[in-house]
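**Q**
Numbering (our numbering), first residue to last: 230 to 457.
#1: Going by Cα to Cα distance, which pick from 328, 447, 280 is closest to residue 421?
#2: So the candidates are 453, 436, 308; which of them puts its Cα closest to the Cα of residue 294?
#3: In this structure, how does DSSP classify residue 389 when only helix, strand and coil are distinguished?
#4: Is the region 335 to 345 touching the region 268 to 280 in the sense that three or more CB pairs, one from each, lie closer than 8 Å?
#5: Using the three-state DSSP reduction, which class does residue 258 fall into: helix, strand or coil?
#6: With a threshold of 6 Å on Cβ separation, who are the neighbours of residue 390 within its own chain once the five nearest residues in sequence on each side are excluded?
#7: Which of the three DSSP states, helix, strand or coil, is assigned to residue 376?
#8: Determine, using beta carbons only, whether residue 352 and residue 405 come nearer to each other than 9 Å.
#9: Once you ignore the five residues that flank residue 350 on each side, which residues in its own chain have a CB closer than 7 Å to its CB?
#10: What first and last residue would you give for the alpha helix (DSSP H) that runs through residue 309?
#11: Look at the alpha carbon of residue 302 and the alpha carbon of residue 347, and state the distance between them as a whole number of angstroms.
#12: Does the beta carbon of residue 259 fall short of 8 Å from some heavy atom of the ligand NAD?
In structure tokens form, the structure reads like this:
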């Protein structure tokens, strides 16, 4: 009876969590000296003074190039993936856009890097067992605790995290994300998807891939309209 309970408990533990713990152990094995330098306590926080020049440069060099990618990956793709993974629980683009904006408006004053939801993160959480908002809440609490307990020392630990293990986690998240193309039921839709992907990779620009995909999609629709 006890062995059955242990097996059931082990089966309920997300595989990604076990893999992550293995990576942390390997990080300490690769750099044992890190243990001696452990410092506990949160890092000091300062409010960043943003000048008008910083706002201007951030808007030109950050907002404009990032905006197409954020709209596609953080809003449109997240809403579409959410409806595929959780039928009947529609997510509005307005609510997602507002939460992304609020995250960045609050975080920028404390030196945070730009943040978003991301379809890849949603696919990864779903692939490794996340099925409710509770798992995201637990993840957020865990990250807050780690940040308060270890501070900047946590970054040093993650610097030695094996890239191979991280690659495996990203691989499975990518496979789950790619599986959403199963509802692509026409050659035209597949062609548009391939054009977007190919141009984005070759041109190193998601915006360029998006524009080319929209143009091809419009031309295919125009072709069907003319033939009809």
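Note that beta-carbon positions come from the ideal geometry of N, C-alpha and C, so glycine has one too.
**A** Let me spell this out:
#1: 447
#2: 436
#3: coil
#4: yes
#5: Here residue 258 carries a helix assignment [DSSP, helix/strand/coil].
#6: Excluding positions up to five away in sequence, the list reads 252, 256.
#7: helix
#8: Yes, these two residues count as a Cβ contact at 9 Å.
#9: There are no such residues.
#10: 306 to 314
#11: 6 Å
#12: Among the components modelled here there is no ligand, and therefore nothing to report on the ligand NAD.
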